[in-house]
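So for the sequence shown, the numbering used here puts the first residue at 200; every next one is plus one. By construction, the Cβ of each residue, glycine as well, lies at the ideal position given by its N, Cα and C atoms. Note that the structure is predicted; figures quoted are calculated from it, not measured. Notes follow the structure.
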Amino acid sequence: KQVKFLRNHDLGFQKENIIRLTETFALGDNFNAFKEEMLSHSEFLHASYAASLPPNISSTTFLRAEHSEQLVGFFVNNSDYDFAETMGYQMKYGRYFSRDFLTDTSAVVINEAAARLLGFDTHEGKRIGFNNENMYNVIGIIHDFNFASLKSSIQPIAIFLDKDIRRHMAVRIAPGDPGEKIELAQMIWKKHANGAPFEYSFIDEDYDQLFRAEQRLGAVFTVFTILAIFIACLGLFGLITYIATQRTKEIGIRKVLGATAGQVTILLLSDLIRLVVISLVIAIPIAWYGMDQWLQSFAYRTDFDFFSAIAAGVSGLLIALVTVGYRSLKTASVNPIDSLKNE
C-alpha cells in the first residue's frame with residue numbers, strides 16, 4: 200500500500216513523458232543546434248539543459264537573505280530558460296527566467312520551502328546570495344515539488360540561470376509510444392555528439408528506482424507470509440485431525456442423541472476459532488506498531504488504517520475455516536455406528 204502510495208503521490212510536476220539525456224556536455228558547441236533540431240520535430244514538445252534533474256538534485260550550498268547574517272542550507276541547480284516549462288513546474292509568485300530580461304543573469308528562483316525558511320511572503324524586493332556583495336534578485340517562487348526521495352520532506356532549493364549549462368537535458372515528449380521518439384532522438388544525437396554514446400532514462404522510472412528497496416521488501420514479506428500461512432495451515436489441519444481422533448466416540452454419542460453434522464462441525468471448530476481470534480488480538484497490535492515504525496521513515500506515507508487490521512483478521516479467520524472446515528465436516532459426517540462399534 201505504501202509503495203502504491205509513493206508511485207501515485209503528486210510530485211508537484213508531471214513526471215511522465217520526460218526523457219533524461221545524460222552527459223550532454225559531449226555535444227560541445229553543438230548543444231544549441233541539437234536542442235533546436237530536436238524541437239523542430241513535433242514528437243518533442245519542450246527541451247531544457249540543467250546541471251541536474253530530479254530526482255538526483257544533490258548539490259548544496261549556504262545562502263543568506265539580504266541584510267541577514269544567518270546562513271541557510273539550500274539545494275541548488277542551474278538551468279537554461281526553458282527548465283520550468285519542460286519539467287512542468289508551476290509558479291506561485293513571479294516568473295521564471297526569460298530571454299526578454301537581460302538582468303536575469305543576476306536573478307534566482309526559489310521554491311515555497313525556501314521562501315518559508317527565509318520568511319518571505321512574496322518575491323518582490325527580495326534578494327539572496329552567498330554574501331552581501333554577491334546578491335541575486337528573487338524573481339519568482341515555484342510551487343513546491345519533490346526533487347529527491349519521498350522519504351524526506353521537500354527541501355529549499357534555489358535555481359540560477361546558466362545559458363551555457365549542458366550537463367543534463369530534459370526532453371518532454373508527446374504522449375504515446377516512446378519507442379519511435381527515442382530512435383529519432385538517437386538519430387539526431389549522432390549528428391551532433393561526435394561519436395559520444397547516447398544515454399537516456401525516463402524521469403518517472405528514475406523515481407521508481409527510489410522505491411526498489413521497498414518493492415524488494417514487499418516481495419520478501421509476500422514470500423514469508425505465504426510460507427507462514429502454509430505452515431500454520433499444516434498445524435491447524437494436524438490439530439483438527441488430532442482433536443477429531445480424540446473425540447471420535449463423543450461425536451458418535453452426540454449424533455446418536457440427535458446432534459446434526461452441522462452442530463458437530465461447529466463444536467469442533469469453536470475451540471480452534473477461539474485460538475485464531477486470540478492470536479489476532481496478539482498479532483494485530485504488534486503488526487500495527489511495526490508498520491507504524493517503518494512508515495515513520497517516510498515523509499509522505501499512507502495510513503495503517505483500521506480497515507487494514509479488520510481485513511487481515513477476516514482473512515486469517517477465512518484461511519483457518521477453509522483449512523479445518525472440510526476435515527471437521529468429514530469427521531462430523533461419519534456414521535455413529537462406525538464411531539461406536541468398538542464399544
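Close beta carbons around residue i, own chain, < 6 Å, minus the five adjacent residues each side
| i | result |
| --- | --- |
| residue 175 | Residue 175 cannot be examined here, being either before or after the span of the chain that is shown, 200 to 542. |
| residue 395 | 225 |
| residue 328 | 334 and 335 |
| residue 361 | 277 |
| residue 368 | 220, 223 and 248 |
| residue 325 | 319 and 337 |
Residue(s) in a DSSP beta bridge with residue i
| i | result |
| --- | --- |
| residue 220 | 368 and 399 |
| residue 263 | 328 |
| residue 360 | 278 |
| residue 249 | 278 and 367 |
| residue 308 | 339 and 358 |
| residue 544 | Because the chain in this structure spans residues 200 to 542, residue 544 falls outside the shown range and cannot be described. |
Buried versus exposed call for residue i [16 or more other C-beta atoms within 10 Å across all chains shown]
| i | result |
| --- | --- |
| residue 393 | exposed |
| residue 343 | buried |
| residue 386 | exposed |
| residue 266 | exposed |
| residue 207 | exposed |
| residue 378 | exposed |
| residue 261 | exposed |
| residue 441 | exposed |
| residue 320 | exposed |
| residue 402 | buried |
| residue 253 | buried |
Residue i in three-state terms, based on DSSP
| i | result |
| --- | --- |
| residue 345 | coil |
| residue 244 | strand |
| residue 288 | coil |
| residue 225 | helix |
| residue 406 | helix |
| residue 293 | strand |
| residue 373 | coil |
| residue 393 | coil |
| residue 333 | strand |
| residue 378 | helix |
| residue 212 | coil |
| residue 503 | coil |
| residue 273 | strand |
| residue 451 | helix |
| residue 207 | helix |
| residue 484 | helix |
| residue 231 | helix |
| residue 529 | helix |
| residue 411 | helix |
| residue 268 | coil |
| residue 446 | coil |
| residue 236 | helix |
| residue 434 | helix |
Own chain partners of residue i with C-beta closer than 7 Å, once the 5 adjacent residues on each side are dropped
| i | result |
| --- | --- |
| residue 322 | 292, 293, 337, 338, 339 and 340 |
| residue 547 | Any property of residue 547 remains undetermined from this structure, which presents the chain solely from 200 to 542. |
| residue 428 | 518 |
| residue 238 | 246 |
| residue 433 | none |
| residue 200 | 501 |
| residue 313 | 273, 355, 356 and 357 |
Own chain residues within Cβ distance below 8 Å of residue i, not counting five before or after
| i | result |
| --- | --- |
| residue 330 | 263 |
| residue 381 | 218 and 399 |
| residue 546 | Lying before the first or after the last residue shown, residue 546 is absent from the chain, which here runs from 200 to 542. |
Original post:
On the three-pair Cβ rule with 8 Å, is the stretch 435 to 447 touching the stretch 407 to 424?
Top reply: No: fewer than three Cβ pairs fall under 8 Å.
Original post:
With a cut-off of 8 Å, do at least 3 Cβ pairs link the stretch 447 to 462 to the stretch 498 to 515?
Top reply: Between the stretch 447 to 462 and the stretch 498 to 515, the count of Cβ pairs shorter than 8 Å is below three; the stretches do not touch.
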